[in-house]
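Below is one structure, written out as structure tokens; comments come after it.
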Amino acid sequence: MKTEVLPAFLPDHSINEAAIRKAASLLQGGELVAIPTETVYGLAANALDEAAVAKIFAAKGRPQDNPLIVHIAEFEDLEPLVTEIPEAAKRLAKAFWPGPLTMILPRSPRVPAGVSAGLSTVAIRMPIHPAAAALIRAAGIPLAAPSANLSGSPSPTNAAYVLADMDGRIPLILDGGPSKVGVESTVVTLVGSVPRVLRPGGITVEQLRSVLGEVEVDDAVLHKLKDGAVAASPGMKYKHYAPRADITILKGTLERFCDYVAGKDATILCFQGEESHFAHAVTYGKAHDGASQAARLFDALRELDEQGAKTVYARCPELDGMGLAVYNRLIRAAGFHLVDLDDTEN
Ligand code: AMP
Ligand code: MG
């Protein structure tokens, strides 16, 4: 199959209506289209068409037990997809939709079981990216869309990365430029007594608490699941976001970091402005600025591969705000390998 890449916007920044129409008609016909969103690029199919959804799993090589997120364009689109809309969901939608927040709700039988990998719940999000919203409206169907990478590799934040993974596997990629947020959406489950974050992302835990009050953070966000444990968010159990390099996160000051890596033959993943300390460095955003780190992280992981990096030491993000989402991705990319430099044993 030949993969076409079409610009989602015209030179005057307006939506490329012809490209949207072409994408909408492919989706209506049960085909896959890679689409830009504010988080990362998505690999979309008609969420109500079981056969189309199966193509997503095949194109990505995605494990069958890892459910997809369904993307909608209006709040009214939510009702037919779920059996109940709790008050908390209405409040979150009012505050953060459209935007990088996914809510887990009880699944309506109208949503094919394959979308949710057989779970009784369904994940729903309303993207704010204008091309994604225009496409959902033009197609007139909800779109199931996981990140548009091959399973296991970092999520793609631009069309070239999508093409590198999906060339020959899908008919069309809409190129909407670089993704602004750079990491996937926050996933919060509203099934259960207290809302719980299953995956941190573009909407911070602090923002959720400002609307809902009590919000829990699932253990799997920061820690490796124990062997045999059931993941509340199945995606969290897979080795993810992983470049080929062997990454170790070093937690501590820049000074201790420099001491630790001195004399080691390694590539350094550091913050902007720190590169001059190292012979080989790739940067991922500014220190103390989780949003800028998120915007750069997946690009930086792909750059490490392009440079053929084998051993990588990474500076550790802070765990508040967007930093939690950055840490959650980086610790998985590092296979949970972290050294605490403030620990006197080191
Ligand atoms: P991706 O689309 O690649 O960002 O992956 C979607 C994420 O949402 C994965 O981590 C899934 O495990 C999670 N997810 C999707 N649907 C559900 C659900 N019904 N319950 C819990 N997690 C879900
Ligand atoms: Mg993904």
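Adding 21 to a residue's 1-based position in the sequence shown gives its number in the numbering used here. Even glycine gets a Cβ: it sits at the ideal position worked out from N, Cα and C.
Do you know whose CA, among the options, lies nearest residue i's CA?
i, options, result
"GLY223", "ALA44, THR60, LEU53", "THR60"
"PRO221", "TYR334, ILE106, VAL202, VAL212", "VAL202"
"VAL215", "ILE125, ALA166, GLY198", "ILE125"
"PRO175", "ALA44, TYR262, ALA321, ASN37", "TYR262"
"LYS43", "PRO192, THR142, SER206, VAL226", "PRO192"
"LEU113", "ILE77, ASP86, THR207", "THR207"
"ASP267", "LEU325, ALA316, ASP186, GLY213", "LEU325"
Give me, in chain order, the residues of the same chain whose beta-carbon lies closer than 7 Å to that of residue i; leave out the 5 immediate sequence neighbours on both sides.
i, result
"PHE278", "LEU271, ARG336, LEU362"
"ILE93", "LEU99, ILE145, MET147, ILE157, PRO163"
"LEU184", "THR24, VAL26, ILE194"
"PRO88", "VAL136, SER137, ALA138, LEU140, ALA144, PRO255"
Suppose you measure from the CA of residue i to the CA of residue j; what does that come to, to the nearest Å?
i, j, result
"LEU27", "HIS34", "14 Å"
"ALA152", "GLY50", "19 Å"
"LEU318", "VAL218", "21 Å"
"ALA39", "ALA159", "11 Å"
"PHE96", "PRO133", "20 Å"
"LYS111", "HIS309", "32 Å"
"TYR19", "GLY161", "Nothing about residue 19 can be read from this structure; the chain reaches only from 22 to 367."
"PRO121", "ALA65", "16 Å"
"ASP341", "VAL251", "26 Å"
"GLY344", "ALA154", "27 Å"
"PRO199", "ALA346", "18 Å"
Where DSSP assigns a beta bridge to residue i, which residues make up the other side?
i, result
"ALA291", "According to the sequence shown, residue 291 is Cys rather than Ala. DSSP output for CYS291 lists THR304 as bridge partner(s)."
"HIS92", "ARG146, LEU164"
"MET124", "ILE145, VAL209"
"ALA66", "ALA165"
"ALA335", "ILE270, LEU290"
"PRO175", "PRO175 pairs with nothing; no bridge assigned."
"ALA55", "LEU64, ILE194"
With a CB to CB cut of under 8 Å and the five nearest residues on each side skipped, what residues in its chain are close to residue i?
i, result
"ALA302", "THR288, ILE289, LEU290, CYS291, GLU295, GLU296"
"GLU276", "none"
"LYS285", "THR332, TYR334"
"ILE371", "This structure cannot settle anything about residue 371, because the visible part of the chain is limited to 22 through 367."
Kindly list the residues whose CB is nearer than 6 Å to the CB of residue i, restricted to its own chain and excluding five residues on each side of it in sequence; keep chain order.
i, result
"THR104", "PRO127, SER129"
"GLY62", "The sequence shown places Tyr at residue 62, rather than the Gly named in the question. The residues are ALA55, ALA169, PRO177, VAL183."
"SER172", "LYS81, GLY82, ARG83"
"ALA165", "ALA66, ALA68, VAL74, LEU89, VAL91, VAL136"
"ALA316", "GLY203"
**OP:** Could you say if the segment 173 to 189 and the segment 53 to 71 meet the contact criterion of at least three C-beta pairs nearer than 8 Å?
**Re:** At 8 Å Cβ cutoff, the stretches touch.
Original post:
Can we say the segment 230 to 245 touches the segment 287 to 297, given the rule of at least three CB pairs closer than 8 Å?
Top reply: Cβ pair count under 8 Å is below three, so no.
Original post:
On the three-pair Cβ rule with 8 Å, is the segment 240 to 248 touching the segment 343 to 357?
Top reply: As far as the Cβ criterion goes, the segment 240 to 248 touches the segment 343 to 357, which means the pair count is three or higher.
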